[in-house]
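A short write-up of the structure that comes next.
2 protein chains.
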Amino acid sequence: MKSLRQLLLLLLVMASGFKHVISSTISTTQFNLDNGLCLSWRLAVEANNMEPWPTVPTACLIYVKSYMLRGQYNKDVEMVVDQIYEFLSSIVVKDDDKDAWILDVDDTCISNIIYYQGKRFGCDPYDPQGFKSWAMKGACPAIPQILGVYKTLIENGFKVFLITGRDELLLGPSTTMNLFMQGFVGHEQLMMRNSTHKGQSATIFKSRIRKQLVEEGYRIHGNIGDQWSDLRGECSGTRTFKLPNPMYFVP
Amino acid sequence: MKSLRQLLLLLLVMASGFKHVISSTISTTQFNLDNGLCLSWRLAVEANNMEPWPTVPTACLIYVKSYMLRGQYNKDVEMVVDQIYEFLSSIVVKDDDKDAWILDVDDTCISNIIYYQGKRFGCDPYDPQGFKSWAMKGACPAIPQILGVYKTLIENGFKVFLITGRDELLLGPSTTMNLFMQGFVGHEQLMMRNSTHKGQSATIFKSRIRKQLVEEGYRIHGNIGDQWSDLRGECSGTRTFKLPNPMYFVP
Numbered sequence: 095m096k097s098l099r100q101l102l103l104l105l106l107v108m109a110s111g112f113k114h115v116i117s118s119t120i121s122t123t124q125f126n127l128d129n130g131l132c133l134s135w136r137l138a139v140e141a142n143n144m145e146p147w148p149t150v151p152t153a154c155l156i157y158v159k160s161y162m163l164r165g166q167y168n169k170d171v172e173m174v175v176d177q178i179y180e181f182l183s184s185i186v187v188k189d190d191d192k193d194a195w196i197l198d199v200d201d202t203c204i205s206n207i208i209y210y211q212g213k214r215f216g217c218d219p220y221d222p223q224g225f226k227s228w229a230m231k232g233a234c235p236a237i238p239q240i241l242g243v244y245k246t247l248i249e250n251g252f253k254v255f256l257i258t259g260r261d262e263l264l265l266g267p268s269t270t271m272n273l274f275m276q277g278f279v280g281h282e283q284l285m286m287r288n289s290t291h292k293g294q295s296a297t298i299f300k301s302r303i304r305k306q307l308v309e310e311g312y313r314i315h316g317n318i319g320d321q322w323s324d325l326r327g328e329c330s331g332t333r334t335f336k337l338p339n340p341m342y343f344v345p
Numbered sequence: 095m096k097s098l099r100q101l102l103l104l105l106l107v108m109a110s111g112f113k114h115v116i117s118s119t120i121s122t123t124q125f126n127l128d129n130g131l132c133l134s135w136r137l138a139v140e141a142n143n144m145e146p147w148p149t150v151p152t153a154c155l156i157y158v159k160s161y162m163l164r165g166q167y168n169k170d171v172e173m174v175v176d177q178i179y180e181f182l183s184s185i186v187v188k189d190d191d192k193d194a195w196i197l198d199v200d201d202t203c204i205s206n207i208i209y210y211q212g213k214r215f216g217c218d219p220y221d222p223q224g225f226k227s228w229a230m231k232g233a234c235p236a237i238p239q240i241l242g243v244y245k246t247l248i249e250n251g252f253k254v255f256l257i258t259g260r261d262e263l264l265l266g267p268s269t270t271m272n273l274f275m276q277g278f279v280g281h282e283q284l285m286m287r288n289s290t291h292k293g294q295s296a297t298i299f300k301s302r303i304r305k306q307l308v309e310e311g312y313r314i315h316g317n318i319g320d321q322w323s324d325l326r327g328e329c330s331g332t333r334t335f336k337l338p339n340p341m342y343f344v345p
C-alpha cells in the first residue's frame, strides 16, 4: 500500500516537475525528528563549513528525505529565486550582447531528486555508473523556479551559459535533449567537461571557463549553482546564488 | 478563528516584504508560526544569497528570538566548531611561527546577543550610537565554543590574529579589556579599524590586513567569522568557517 503511494507520488513528481504538488500531497506538520542536529548539519553544508563531505549521515536520512519532498526545499529555492529576481531588476542590459549569466545544470536547471530517492537521498555513496545510466535517460525534470529565471534572463537579452561537469562525450546528447525537452531553449552555449578538463576539480574547471568568457568580453552578472564549487574561484560573477542541496557534495 | 489567523499571518508577511512566496502559503491548511519561511530566510542569509540585507523581517522576530535563545543557535555553532577541530587536527604546525589563524571579534569570539535582545533581535535598524555605548561597557560574554577553539589554537602554536571592524580610537581599551576578561589571552595581535581604513567595507579592510600578513610570511590556515565580509576577498585562508548570525549584516 505504501509502495503504491510512493509510486503514485513518483508519477506525480515526474509529471509535474515536482513543483508544489508534493507539499500539498503529503500532509506535513513537522520534521524535527532529530533534535535539531540534522538541521545544524544542513546549515553547515549550505554555508560551506563542511567541505568536503562524503555522504549524508545515516541518522539524517528521514530528515533529508522530508526536507526534499515535503516542501521546505521548495520554499528554500523560492527564497533564493526571489533574491535573483531582485538583483536582476537592478541590472541595465547593454546592447553589446556581453551581459552574461552562468547556470549550473544538475540540481540547478534540472533535478536529480528522483534518482537520489534510490540512493537514500545521499546516504549511499556516490555511484558514478548509476548516475551515468540515469543521466543518459535524459529524464531529469526542470526545477520550475529556475526555468522561470532562465526564461526571464533570455527574454531580457542576457547571454546564458550553462556549465556542467557532465562528460561531453558520454552525456552530451542526452543532456542537450533533456534540457531542450524541459524548456531550456535559447542559451548561448552548454559547456560540458571534455578531455581537456580531465582531472580538474569542478572549481578549477568552471573557473577557467568563466575566465575565458571574461577574456572574451562578457560581464558575468550572476552565477547560480547548487554546489559551492560552481560559485567559488575566479570570475565567479557579481553575485552568486547558492541553491540548496543537502544530498551530495561536488569538490 | 482559522481565517483570522491566516489574515494575521498574511498581514505580517506583507509587512515584512515577502513576495509571491505567500500565495502558496495561505492555501495550505496546516502551518506553524512561519510555515518555514523564516527558516528559508535564515538559510538564504547563511548561504550569502541575501547580500545586503538591512534588518530581520518583522514576521521573523519570534523565530529569530527562539533560534538565538532556545538552543538551535548553540547547536549550529557546535556543528561548525566540530568541523574546525577536524580541520585543525589535519594541520602540521611548523616551528617558524608562521602558522596563523584569523578570528573576527563580534559574535565570533564574544557575543552581542544581550544587546540585540534590546533591538528586537535585529528587527530594529542598526543603531551606531547604541552599539558603541554597549561595546564601551566591555560586557560581551565569550562564545564558549569559540573560546575553546581559541585556546586550542594558542596551545598548538598557531599565531592568532583577531581582526575587527570596531573603531580603535573609541573602542580599543574596552575591547581589549573585554577580550582579556573573557579569557582571550595569548593572541598575536588585535587588529582594529583605524583612520587608515576609513570608508573601507569590512571585506576590503579585512582583506588588506590578511594580505599584509601573508606578505609577512604567515600561512593563514583558518578564518572564522559570523559575517561573509570576514571570509570573502583576498587571502581568506585555506578554510573559512561561517558562524551563524541571523541578527545583522555587515557589508
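Listed in order, the protein sequences are those of chains U and V.
First residue of the first sequence: 95, per my numbering; consecutive thereafter.
First residue of the second sequence: 95, per my numbering; consecutive thereafter.
Ideal Cβ positions, reconstructed from N, Cα and C, are used throughout, including at glycine.
- From the beta-carbon of residue 247 of chain U, no residue of chain V is found nearer than 7 Å; the closest lies around 17 Å away.
- Between the C-alpha atoms of residue 324 of chain V and residue 258 of chain V there is a straight-line separation of about 9 Å.
- Within the model, the alpha-carbon separation for residue 189 of chain V versus residue 314 of chain V is close to 15 Å.
- Within the DSSP bridge table, the entry for residue 136 of chain U names no partner.
- Non-local C-beta neighbours of residue 214 of chain U in its own chain, meaning closer than 7 Å and more than five positions away in sequence, comprise 155, ordered along the chain.
- Going by beta carbons, residue 318 of chain U and residue 202 of chain U fall inside the 8 Å limit.
- Under the DSSP definition of a beta bridge, residue 283 of chain U partners with U/255.
- Within the same chain, 301, 304, 305, 307, 308, 314 come within 8 Å of residue 329 of chain U by CB-CB distance, once the 5 residues on both sides are set aside.
- At least 8 Å separates the beta-carbon of residue 205 of chain U from that of residue 248 of chain U.
- For residue 224 of chain U, no beta strand (DSSP E) encloses it; the enclosing alpha helix (DSSP H) starts and ends at 222-231.
- In the DSSP assignment, residue 236 of chain U is bridged to U/204.
- Out of U/269, U/219, U/312, the CA that lies nearest to the CA of residue 152 of chain U is found in U/219.
- Rounded to the nearest angstrom, the gap between the Cα atoms of residue 183 of chain V and residue 344 of chain V is 31 Å.
- Residues of chain V with a Cβ closer than 8 Å to the Cβ of residue 173 of chain U are, in chain order, 115, 131, 134, 135, 137, 138, 143.
- Among the CB atoms of chain V, none fall inside 8 Å of the CB of residue 300 of chain U.
- For a Cβ distance threshold of 7 Å, residue set 138, 143, 144 of chain V lies close to residue 177 of chain U, ordered along the chain.
- Annotated as proximal: residue 232 of chain V and residue 268 of chain V, with beta-carbon spacing under 8 Å.
- Spanning the alpha carbons of residue 310 of chain V and residue 278 of chain V requires a straight line of approximately 24 Å.
- If you keep only unbroken alpha helix (DSSP H) runs of at least 4 residues inside the region 257-323 of chain V, you get 262-275, 296-309.
- Under a 10 Å Cβ-count criterion, residue 134 of chain V is classified as buried, with 16 or more other Cβ atoms of the shown protein chains found around its own Cβ.
- Counting other Cβ atoms within 10 Å of its Cβ, residue 297 of chain U reaches 16 or more and is therefore classed as buried.
- DSSP places residue 213 of chain U in no alpha helix (DSSP H); its state is neither H nor E.
- For the pair residue 242 of chain V and residue 130 of chain U, the CB atoms are not nearer than the 8 Å cut-off.
- In the DSSP assignment, residue 181 of chain V falls outside any beta strand (DSSP E) and within the unbroken alpha helix (DSSP H) covering 166-182.
- Going by DSSP, residue 196 of chain V is part of no alpha helix (DSSP H) but of the beta strand (DSSP E) stretching over 193-197.
- Taking CB atoms only, residue 343 of chain V has no neighbour in chain U less than 8 Å away.
- Taking CB atoms only, residue 190 of chain V has no neighbour in chain U less than 8 Å away.
- The beta carbons of residue 286 of chain U and residue 262 of chain U sit closer together than 8 Å.
- Using a Cβ-Cβ cut-off of 8 Å, residue 335 of chain U counts as an interface residue toward chain V, since at least one Cβ of chain V sits closer than that to its own.
- Under the three-state reduction of DSSP output, residue 246 of chain V falls in the helix class.
- A buried status is given to residue 193 of chain V, since no fewer than 16 other beta-carbon atoms sit within 10 Å of its beta-carbon.
- Among the residues facing chain V, residue 148 of chain U is not included, as its CB has no counterpart in that chain under 8 Å away.
- Residue pairing of residue 149 of chain U in beta bridges, as defined by DSSP: absent, with no partner found.
- Residue-level contact by beta carbon fails for residue 151 of chain U and chain V, as no gap is shorter than 8 Å.
- Here the alpha carbon of residue 222 of chain V sits roughly 25 Å from the alpha carbon of residue 327 of chain V.
- When the five nearest sequence neighbours on each side are left out, the beta carbons in the same chain lying within less than 7 Å of the beta carbon of residue 140 of chain U are those of 336, 338, in order along the chain.
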